[in-house]
Amino acid sequence: MDNFTVGVVVFPGSNCDRDVSWALEGCLDIRTKYLWHESSDLSEVDAIVLPGGFSYGDYLRCGAIARFSPLINALDEFVKSGKKVLGICNGFQILTESGFLPGALVANKNLNFICDDVELDIVSSKGGWFNNGDEKQTIKLPIAHGEGRYHCDSDTLKKLVDNELIALRYKNNPNGSSFDIAGITNEKGNVLGLMPHPERACDETIGGTDGLFTLKSLILK
Amino acid sequence: MDQFAVKVIVRLRPSVLDPAGEATKSASIKLGAEGIKSLRIGKMIEVKIEGNDENEVREKIDLLCDRLFANTVIEDYEYSLKKL
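Chain order of the listed sequences is A and B. For the first sequence, our numbering begins at 85 and goes up steadily by one. For the second sequence, our numbering begins at 91 and goes up steadily by one.
See the structure below:
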């Protein structure tokens, strides 16, 4: 695992790319490499993080334009190979817009941009993204979004429940998300999208370390 | 080649809550407008596009609407087209 490298994608308007890189390198000693969205060469990275921010200014819809970048086009093969992809906030929006994850993220029910710490229930162990092997089934992570209300039709919701694809649920739903959903995985489990920011919870001095496990799990099989 | 003017309307599906529409409805009522039963906000996109005929242009616009202008998980779209 010495050479394991996590690619951190940079779109015009990404603003959590350096935070993700800091959390991985500084807190976990995991090597990172920034990947400009125009690049389609993913050969040097072993896992990918799509960070938060406002790619392309959220024009049209959050994540709608980013979907057409060369990097996202190349992501299909990367995902099929079983390598891990983590989409945080805007990264989650990009993953739903590009069809890697079902559903969509729309404006918060109360229209507020919500910046807060939230309690989350870990629902599924699919993909090994969360440490739910012990008694700790609840974690606290920061959220910061205006368009984080997860929406899907009832058939999709049933599929998510039946196949254990719901990774995280809000304890106190802040934004009106269907079924309190805060994060989901694909069927294989190697793609996780979530609205909360694990990279902002990797050091006690900034309020908690509940995000460490998720970032660390990028290097775990 | 002919040129066509296309107006695309994208709206949230009826099943999707539109908080911006609700807020605007509430403001409309405060302004004194009576009888508003529902108010929902969508997007209008205007495109000028060249093509050999209407069918060819419709094919292009269908693709754009389906893949880019609207996210069909949450939105519906319709469009009108006028030869210039």
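Note that beta-carbon positions come from the ideal geometry of N, C-alpha and C, so glycine has one too.
Is residue i close to chain B, meaning its C-beta is less than 8 Å from at least one C-beta of that chain?
{"i": "Glu271(A)", "result": "no"}
{"i": "Ala188(A)", "result": "yes"}
{"i": "Ala191(A)", "result": "yes"}
{"i": "Leu195(A)", "result": "yes"}
{"i": "His235(A)", "result": "yes"}
{"i": "Glu181(A)", "result": "yes"}
{"i": "Arg145(A)", "result": "yes"}
{"i": "Gly97(A)", "result": "no"}
{"i": "Ala148(A)", "result": "yes"}
{"i": "Gly136(A)", "result": "no"}
{"i": "Gly232(A)", "result": "no"}
{"i": "Gly267(A)", "result": "no"}
{"i": "Gly91(A)", "result": "no"}
{"i": "Gly260(A)", "result": "yes"}
When you compare the CB positions of residue i and residue j, do they come within less than 8 Å of one another, or not?
{"i": "Pro135(A)", "j": "Val104(A)", "result": "yes"}
{"i": "Gly132(B)", "j": "Arg157(B)", "result": "no"}
{"i": "Ile198(A)", "j": "Pro258(A)", "result": "yes"}
{"i": "Ala95(B)", "j": "Lys172(B)", "result": "yes"}
{"i": "Leu112(A)", "j": "Leu304(A)", "result": "no"}
{"i": "Ile126(B)", "j": "Ile135(B)", "result": "no"}
{"i": "Leu170(A)", "j": "Leu252(A)", "result": "no"}
{"i": "Glu231(A)", "j": "Asn161(B)", "result": "no"}
{"i": "Cys173(A)", "j": "Cys100(A)", "result": "yes"}
{"i": "Lys193(A)", "j": "Leu107(B)", "result": "yes"}
{"i": "Cys286(A)", "j": "Ala107(A)", "result": "yes"}
{"i": "Arg103(B)", "j": "Asp152(B)", "result": "no"}
{"i": "Leu195(A)", "j": "Ala113(B)", "result": "yes"}
Quick check on residue i - is its C-beta less than 8 Å from some C-beta in chain A?
{"i": "Asn145(B)", "result": "no"}
{"i": "Ile164(B)", "result": "yes"}
{"i": "Pro104(B)", "result": "no"}
{"i": "Ala113(B)", "result": "yes"}
{"i": "Asn161(B)", "result": "yes"}
{"i": "Ala110(B)", "result": "yes"}
{"i": "Leu154(B)", "result": "no"}
{"i": "Leu121(B)", "result": "no"}
{"i": "Leu129(B)", "result": "no"}
{"i": "Leu158(B)", "result": "yes"}
{"i": "Leu107(B)", "result": "yes"}
Between which residues of its own chain and residue i is the CB-CB distance below 7 Å, once the five residues before and five after are set aside?
{"i": "Lys167(A)", "result": "Asp130, Ala131, Asn274"}
{"i": "Glu128(A)", "result": "Thr89, Lys117"}
{"i": "Thr240(A)", "result": "Pro186, Gly187"}
{"i": "Ser123(A)", "result": "Pro154, Leu155"}
{"i": "Leu299(A)", "result": "Ala107, Leu108, Leu112, Pro282, Glu283, Cys286"}
Would you mind giving the Cβ-Cβ distance between residue i and residue j, rounded to the nearest angstrom? I have them listed as a contact below 8 Å.
{"i": "Ser209(A)", "j": "Tyr234(A)", "result": "Their Cβ separation, rounded to whole angstroms, is 20 Å, which puts Ser209(A) and Tyr234(A) out of contact at 8 Å."}
{"i": "Leu126(A)", "j": "Phe162(A)", "result": "5 Å"}
{"i": "Leu189(A)", "j": "Pro282(A)", "result": "Contact doesn't hold; Cβ gap of about 17 Å is too wide."}
{"i": "His121(A)", "j": "Ala150(A)", "result": "7 Å"}
{"i": "Gly175(A)", "j": "Gly141(A)", "result": "So it is not a contact: roughly 16 Å between Cβ atoms."}
{"i": "Thr222(A)", "j": "Leu249(A)", "result": "So it is not a contact: roughly 19 Å between Cβ atoms."}
{"i": "Leu174(B)", "j": "Gln93(B)", "result": "4 Å"}
{"i": "Leu276(A)", "j": "Gly211(A)", "result": "6 Å"}
Skipping 5 residues on each side, what residues in its chain have a beta carbon closer than 8 Å to that of residue i?
{"i": "Glu109(A)", "result": "Arg115, Thr116"}
{"i": "Val202(A)", "result": "Lys224, Leu225, Pro226, Ile227, Tyr254, Lys255, Asn256, Pro258, Ala266, Pro280"}
{"i": "Met91(B)", "result": "Glu140, Gly141, Asn142"}
{"i": "Ala110(B)", "result": "Ile131"}
{"i": "Glu168(B)", "result": "Val98, Ile99"}
{"i": "Leu119(A)", "result": "Gly91, Val92, Val93, Val94, Leu126, Val129, Ile132, Leu155"}
What does DSSP give as the partner residues of residue i in its beta bridges?
{"i": "Trp120(A)", "result": "Val94(A)"}
{"i": "Ser105(A)", "result": "Paired residue(s): none; Ser105(A) is not in a bridge."}
{"i": "Phe175(B)", "result": "With chain B represented from 91 up to 174, any question about residue 175(B) goes unanswered, as that position is not in the structure."}
{"i": "Lys133(B)", "result": "Val100(B)"}
{"i": "Ala266(A)", "result": "Its beta-bridge partners do not exist; DSSP assigns none."}
{"i": "Arg115(A)", "result": "Thr89(A)"}
{"i": "Val203(A)", "result": "The residue you asked about is not Val; residue 203(A) is Glu in the sequence shown. Lys224(A), per the DSSP bridge assignment."}
{"i": "Asp166(B)", "result": "Arg101(B)"}
Using a Cβ-Cβ cutoff of less than 6 Å, which residues in the same chain neighbour residue i once the five nearest sequence positions on both sides are dropped?
{"i": "Arg284(A)", "result": "Pro226"}
Exercise for review: Scan the region 154–165 of chain A for residues whose Cβ lies nearer than 8 Å to a Cβ of chain D and list them as they occur along the chain.
Suggested key: This model lacks chain D altogether, as its protein chains are A and B.
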